[in-house]
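Numbering (the numbering used here), first residue to last: 247 to 611.
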């Protein structure tokens, strides 16, 4: 097999010297640099400012050597090892050709690595922020600054397993926490909470599936679980990230924000594999999840103070029946008329103030 040696587009194409005069400054020349496959650095570099990029490159998912919003976000966080890896131990393979994927697309051999961003003093009361499907901890970026002055706040990237949530919480803190959970990951967190009520100060649910009408995945998520087609879509950043996020609410995401959401799918196949597996499991088990959620929250033995916050412009989950459920179960309902399914993305600052008010009120009781 031929080896790709270091090359430069500008050095391979030499043009005659021509003098041209312009009345305005000439645009910056773009140069594409690629490296040998034997180099230690595997990323490609597009030598252009971020504004010129289209959001994609080949291996590293990098636009330029300038700091990007994704770099700034990931520099704030850390990885925590928790929950043992199970399974057959086989290598992840390309869904079309069956070729073994690169090392960055393979699971850890011992413990899963969870990315989280912490803010505030660990001496304060802890709040754990959990995103929904198919979002990321980045969706809470506007909530963290509101809470960090008075609380120890942790935003976590999570894979939606009850046992894994227990392991991660134990690894992050040994104190009681307030759980803030959004969307389709709410039933899993509620299941954890039902078995560990003594570890919780409170539970705040953001647009959780609560009624029988919520027991079916919306089409933009359901398609991700399809045989073969779903595996392909889950490796497409536009399908897996942009399309799903934009289909659930009345908003448009800025390009620099979309860049951060795309990054996992650009840098590794593992993000797509995880999304495909979670979508398949959710499609099969969502009805049971909703039934269990209703039973737990209406149980007389449920002692965790629970608040349901509902973005009324949610295009995935209807508000019909939510108010009746909250009245019957005697849980507080807070309606957010200008927010969609991902409340923290739509109204980050407002949600941060709301959470602070709820937690602060409980602390004073």
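By construction, the Cβ of each residue, glycine as well, lies at the ideal position given by its N, Cα and C atoms.
Bear in mind the structure is a predicted one, so any value in this text is a computation, not a measurement.
| Item | Value |
| --- | --- |
| Whole-angstrom distance between residue 442 and residue 411, CA atom to CA atom | 11 Å |
| Enclosing beta strand (DSSP E) for residue 555 [first to last residue] | 552-557 |
| Spatially closest choice to residue 490 from 593, 455 and 508, by CA coordinates | 508 |
| Same chain only: Cβ atoms within 8 Å of residue 499, ignoring 5 sequence neighbours per side | 488, 491, 492, 507 and 591 |
| Beta-ladder partner(s) of residue 372, from DSSP | 398 and 423 |
| Residue 506, DSSP secondary structure in three states | helix |
| Residue 603 versus residue 545 - alpha carbon distance | 26 Å |
| Residue 455, buried or exposed, once every other Cβ within 10 Å from all chains shown has been counted against 16 | buried |
| Where residue 453 falls: helix, strand or coil (DSSP) | coil |
| Where residue 323 falls: helix, strand or coil (DSSP) | coil |
| Buried or exposed (CB count within 10 angstroms, at least 16 for buried), residue 458 | exposed |
| Cβ contact (3+ pairs, closer than 8 Å) linking the stretch 587-601 and the stretch 478-486 | no |
| Coil, strand or helix - residue 362 by DSSP | strand |
| Cα-Cα separation, residue 416 to residue 502 | 34 Å |
| Residue range of the unbroken alpha helix (DSSP H) whose run includes residue 589 | 589-592 |
| Simplified DSSP state of residue 582, which is helix, strand or coil | strand |
| Coil, strand or helix - residue 484 by DSSP | helix |
| CB-CB length for residue 453 against residue 429, believed under 8 Å | 6 Å |
| Expected contact under 8 Å - CB spacing of residue 374 and residue 326 to nearest Å | Incorrect: roughly 12 Å between the Cβ atoms, too far for contact. |
| Minimum C-alpha distance to residue 449 - residue among 549, 583, 599 and 594 | 549 |
| Distance between residue 504 and residue 606 (C-alpha atoms, nearest Å) | 33 Å |
| Whether residue 521 touches residue 555 by CB criterion (8 Å) | no |
| Secondary structure of residue 446, DSSP reduced to three states | strand |
| Separation of residue 576 from residue 210, as counted between CA atoms | Only positions 247 to 611 of the chain appear in this structure, which leaves residue 210 out of reach. |
| Whole-number beta carbon distance between residue 392 and residue 364, since they are thought to touch under 8 Å | Their Cβ separation, rounded to whole angstroms, is 15 Å, which puts residue 364 and residue 392 out of contact at 8 Å. |
| For residue 372 and residue 523, the rounded distance between their alpha carbons | 30 Å |
| Residue range of the alpha helix (DSSP H) that includes residue 387 | Where residue 387 is concerned, there is no enclosing alpha helix (DSSP H), given that its DSSP letter is neither H nor E. |
| Residue 594 to residue 530 span [Cα, whole Å] | 32 Å |
| Of the listed residues 579, 494, 597 and 532, nearest to residue 562 (C-alpha basis) | 494 |
| Whole-Å CB distance - residue 366 paired with residue 398, under 8 Å assumed | 5 Å |
| Proximity test, residue 588 beta-carbon vs the ligand HEM heavy atom, cut-off 7 Å | With respect to the ligand HEM, the structure shown offers nothing to examine, as it has no ligands at all. |
| Bridge partners - residue 531, DSSP secondary structure assignment | Looking at the DSSP assignment, residue 531 forms no beta bridge with any residue, so it has no partner. |
| Sequence-distant residues of its chain with Cβ nearer than 7 Å to residue 517 (five each side left out) | 510 and 511 |
| Straight-line gap, residue 435 to residue 314 (C-alpha atoms, nearest Å) | 32 Å |
| Residue 598, buried or exposed, once every other Cβ within 10 Å from all chains shown has been counted against 16 | buried |
| Own chain partners of residue 382 with C-beta closer than 7 Å, once the 5 adjacent residues on each side are dropped | 403 and 507 |
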